[in-house]
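Asker: Structure provided below as structure tokens; questions to follow.
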Amino acid sequence: SCFYDDNEMTVDSPLDRLCYVGDYAFAYCNTVVINDIDHMEHIGDGAFMMCYNIISVHITSNIKSVSYSAFKGARIKELTVDYGVERIEDYAFMSTMITTLKLPDSVKYIGDYAFYTSRLTSVSGAEHAEEIGTLAFYPSKRLVMYVLYPSAMLDYAKQNNIEYVAHDERGAIVLPDLE
-12 SCFYDDNEMT
-2 VDSPLDRLCY
8 VGDYAFAYCN
18 TVVINDIDHM
28 EHIGDGAFMM
38 CYNIISVHIT
48 SNIKSVSYSA
58 FKGARIKELT
68 VDYGVERIED
78 YAFMSTMITT
88 LKLPDSVKYI
98 GDYAFYTSRL
108 TSVSGAEHAE
118 EIGTLAFYPS
128 KRLVMYVLYP
138 SAMLDYAKQN
148 NIEYVAHDER
158 GAIVLPDLE
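The numbers in the sequence shown follow our numbering, run straight up by one, and end at 166.
Given below as structure tokens:
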């Protein structure tokens, strides 16, 4: 937590060259901006929590797991997650401004409250996820999940009364009344 809550910090070189960011390293630092984290291999718990200037994040395949509360409360509007990322831990993107989310099929685990209270209207991908935690996605009336039939994502949508559109492996739409 070297810069925790440091709102007067200035960074002379871009964070784009960092490989490892420790737990809570930049939490609550409103002056932090990251553009490209291609070189990062680890983002610690709460590393960028409540960093309001971070509006776009690209998680590359170098990062296998997005840590606990890594971007919780950041003002992220745009999130790209590359194939190879396997886990999104509890609270990782809770309370962000993301509206559309396409997860790669390499994601096997989505933790408790991972995207809770975000502004999601559309979620797709993660078709082979094995576990989806409690309230991983906020069950709002505007949210539609595009899911594989059968899948854990479909089960999650049904259990949480989230509107969904299901398709089979070939891409054909599966109508709810024909299941």
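For every residue, glycine included, the Cβ atom is placed at its ideal position computed from N, Cα and C.
#1: Leaving out the 5 sequence neighbours to the left and right, which residues in its chain are closer than 6 Å to residue 74 when beta-carbon positions are compared?
#2: Where residue 154 and residue 137 are concerned, what is the direct C-alpha to C-alpha distance, given to the nearest angstrom?
#3: Would you list the residues sitting across from residue 132 in a DSSP beta bridge?
#4: Which residue comes first and which comes last in the alpha helix (DSSP H) that contains residue 141?
#5: Would a C-beta distance cut-off of 9 Å place residue 70 and residue 43 closer than the cut-off?
#6: Using a Cβ-Cβ cutoff of less than 7 Å, which residues in the same chain neighbour residue 17 once the five nearest sequence positions on both sides are dropped?
#7: Rounded to a whole number of angstroms, what is the C-alpha to C-alpha distance between residue 36 and residue 111?
#8: Helix, strand or coil for residue 59, going by three-state DSSP, please let me know.
#9: Can you tell me whether residue 123 is buried or exposed, with buried defined as 16 or more other CB within 10 angstroms of its CB?
Answerer: Taking the coordinates as given:
#1: Counting from one through the sequence shown, the residue named residue 74 turns up at place 87. Here the set comprises 52 and 96.
#2: Indexing the sequence shown from 1 puts residue 154 at position 167. Indexing the sequence shown from 1 puts residue 137 at position 150. When rounded, the separation of the alpha-carbon atoms in residue 154 and residue 137 is 8 Å.
#3: Locating residue 132 in the sequence shown gives position 145, where the first residue counts as 1. Bridge partners of residue 132: 110 and 151.
#4: Locating residue 141 in the sequence shown gives position 154, counting from the first residue. Residues 139 to 146.
#5: Here the question's residue 70 lines up with position 83 in the sequence shown. Here the question's residue 43 lines up with position 56 in the sequence shown. Not a contact, by the Cβ cut-off of 9 Å.
#6: Counted from its first residue, the sequence shown places residue 17 at position 30. Non-local C-beta neighbours of residue 17 in its own chain, meaning closer than 7 Å and more than five positions away in sequence, comprise -6, 38, 39 and 40, ordered along the chain.
#7: The count along the sequence shown starts at 1 and reaches residue 36 at position 49. The count along the sequence shown starts at 1 and reaches residue 111 at position 124. If you draw a straight line from the Cα of residue 36 to the Cα of residue 111, it is about 24 Å long.
#8: The residue labelled residue 59 in the question sits at position 72 within the sequence shown. Coil at residue 59, not helix or strand.
#9: Taking the first residue of the sequence shown as 1, we reach residue 123 at position 136. By the 10 Å Cβ count, residue 123 comes out buried.
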